[in-house]
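In this note's numbering, the protein residues as written are 3 to 172. No residue lacks a Cβ here, since even glycine has one placed at the ideal position from N, Cα and C. Quantities reported herein were computed from a predicted structural model and do not represent experimental measurements. Everything on this sheet refers to the single structure shown next.
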Amino acid sequence: MEIKPKKIGRPTKYREEYDEKAYSLCVDGHTNQSLAAAFGVSHSTFQDWMKNHESFRSAISAGKAEADLHVSKAVYDRACGSNGCEFDYRCANFWLRNRNPKEFSDKPSPTFDFNPQKALKEQALEIYKQASEGKLTIDDASKLITALVSSIKIEEITEIKDILEKHSGK
């Protein structure tokens, strides 16, 4: 006689019929948090359902994609003044800035002249200064610092490491 191991924990509240309901709610614009509330479960339980039930995850993805398509079309129609919609400058502005930020952004692209002769610390401080003055966003400053650090040659890293060790007394 074979002994079957007992299952640990409660049985899942998930049901296959939830797939269709999740799809409909996503088409109506619900977020994962509001979906969890609609099904009467915690956000972590909802995430477990997403991870463990392919059909549920697919239904949610498809519903969100359809909702995004509706919104994109509505923004496009307002931006162009088509399909009986009145032209809306804000929608056109939003559409263009998001579709082609390099060309239509009112902020200049972050630029920084990396000077190999200038000390690394000085360049990092200059980036920080530009960020604190609002000339660069925090994200842009972070990207520039990352680019600065990644541009350092291995020899320079070793040299910097030696200097740091010398000053720390190691």
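Taken atom to atom, the span from the alpha-carbon of K66 to that of V29 is near 6 Å.
Annotation for P103: the continuous alpha helix (DSSP H) segment containing it runs P103 to F106.
In the structure shown, E124 adopts helical secondary structure according to DSSP, grouped into three states. Residue burial is scored here from C-beta neighbours: R101 has fewer than 16 other C-beta atoms within 10 angstroms and is therefore classed as exposed.
DSSP, reduced to helix, strand and coil, places E167 within a helical segment of the structure shown. Looking at the backbone, the Cα of E105 and that of Q35 are separated by about 35 Å. Contact between the stretch 82-99 and the stretch 38-53 is not established, with fewer than three Cβ pairs separated by less than 8 Å. For the pair I147 and E167, the Cα-to-Cα distance works out to about 22 Å. Y16 has its alpha-carbon roughly 43 Å from the corresponding atom of N95.
DSSP places G65 inside the alpha helix (DSSP H), whose first and last residues are E56 to C82. Between V77 and W97, the CB-CB gap stays under 8 Å. Shown here, T14 sits in coil according to DSSP, grouped into three states, outside any helix or strand. Annotation for C28: the continuous alpha helix (DSSP H) segment containing it runs Y20 to V29.
Rounded to the nearest whole angstrom, the C-alpha separation of T139 and K8 is 55 Å. Comparing alpha carbon positions, the residue from I10, S134, E56 and K6 closest to Y20 is E56.
One Cα belongs to R59, the other to E18, and the distance between them is close to 11 Å. Going by DSSP, V43 is part of no alpha helix (DSSP H) at all; its letter is neither H nor E.
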